[in-house]
Amino acid sequence: MRADGGAALKEEEMAGALEGKVAVVTGASRGIGKEIALWYAREGASVVCTSRTMDAAPVKLPGTNEATVREIEAAGGKAIAVQCDVRLEEDVERLHAATMDAYGRCDILLNNAGISFPGPSIDLPTKRWDLVMEVNVRGPYLTFKAFAPGMVKQGGGTVINVSSGASKVTGAGRLSYSVSKAALDKMTVGLAAEMASTNVKCISLGLELPVLTEGFALVNPGVDTSNWEKPDIMGKAALWLAERADEYNGQVVTIEQLRKDYERA
């Protein structure tokens, strides 16, 4: 792992902590999902990168799913790009089939794909509320349903769901997002209990600190982000949890908690 926490890949930096593992990362086109995919690849995992579309975002955000794969491959890593709208069961089943065809297994399922529509709930169209729940809650449930049986058969695996501090503290104009992340945390803890005898670990990674991503910068022009964290803090956290899943199974873990654990290690 690089001491500076950077995510840029170089072939000589493929350290091998996840050598032989296969990781599926949803929402890997940019931002946090891309960072996690890069960290996993650098540590030797074969990475299945997914996104809702394979094209550049309609709002011209930088990055595509295939661009993430190209960056991994350029550094000597292994990755494939698969289109998947996590709301749709048929898409998730196709993602599972593509993963099995390419690598034959999944050791780490990292559910990062998410969506938010800021604004007062009284003005939020019902279809947008539903969309937040479908992407942020139904999506991780469907991917778990698809990949967990194989994890059980192979003797274990790890499911990491990217959550948020919003699950505990609801800010004005973020109710739908907060409710979805609270539900995701509850689901994660419940699944860990259900899977306790199977060696399939389930962890919720709660991002309680402000992180500057391309999407936030685009829709919030003028906001002072000079003291915000960079997405690579999530890459480091996701790698740490993948390596030590037994220690965190069934927990909702924050970045500040993990930073204390880094220091003690």
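As numbered in the numbering used here, residues 627 to 891 make up the sequence shown, in order. Glycine included, C-beta positions come from ideal geometry on N, C-alpha and C. For clarity, every value in this text was computed on a predicted model and none was experimentally measured.
Top-ranked residue by Cα proximity to residue i, from the options
| i | options | result |
| --- | --- | --- |
| A771 | P746, V788, R870, T814 | This sequence places Lys at residue 771; Ala is not what is there. Per the Cα distances, T814. |
| A739 | Y729, E716, D733, Y767 | Y767 |
| T654 | S830, C710, A822, G703 | The residue asked about is misnamed: residue 654 is Ala in this sequence, not Thr. Nearest of S830, C710, A822, G703 to A654, Cα basis: C710. |
| K794 | N825, M821, G816, K812 | K812 |
| I829 | P836, L835, M821 | M821 |
| P836 | K827, N787, V849, V826 | V849 |
| V673 | D858, L687, G702 | G702 |
| K827 | V695, G646, F773 | F773 |
| A798 | I662, T839, I786, I748 | I748 |
| G791 | A671, E882, I662, V650 | E882 |
DSSP three-state assignment for residue i, whether helix, strand or coil
| i | result |
| --- | --- |
| S789 | strand |
| V795 | coil |
| G861 | helix |
| T851 | coil |
| T839 | coil |
| S830 | strand |
| A822 | coil |
Cβ-based neighbour list, residue i, same chain, cut-off 7 Å, excluding 5 preceding and 5 following
| i | result |
| --- | --- |
| V712 | T652, V718, A739, V761, G765, L768, T769 |
| N825 | G781, G782 |
| L801 | S747 |
Close-in-space but distant-in-sequence residues of the same chain around residue i (CB under 6 Å, 5 per side omitted)
| i | result |
| --- | --- |
| V878 | D811, S830, G832 |
| E645 | G670 |
Can you check the region 727–776 for any alpha helix (DSSP H) of at least 4 residues that lies completely inside it and give the ranges in chain order? Along the length of the region 727–776, whole alpha helix (DSSP H) runs at least 4 residues long occupy 752–759, reported in chain order.
To test your reading of the DSSP string, which unbroken beta strand (DSSP E) runs of 3 or more residues are found completely within the region 651–724? Counting only runs of at least 3 residues, the region 651–724 fully encloses the following beta strand (DSSP E) elements, listed from N- to C-terminal order: 672–677, 704–709.
Any contact of the region 689–703 with the region 716–736, i.e. 3+ C-beta pairs under 8 Å? The region 689–703, when compared against the region 716–736, does not touch it at the 8 Å Cβ threshold.
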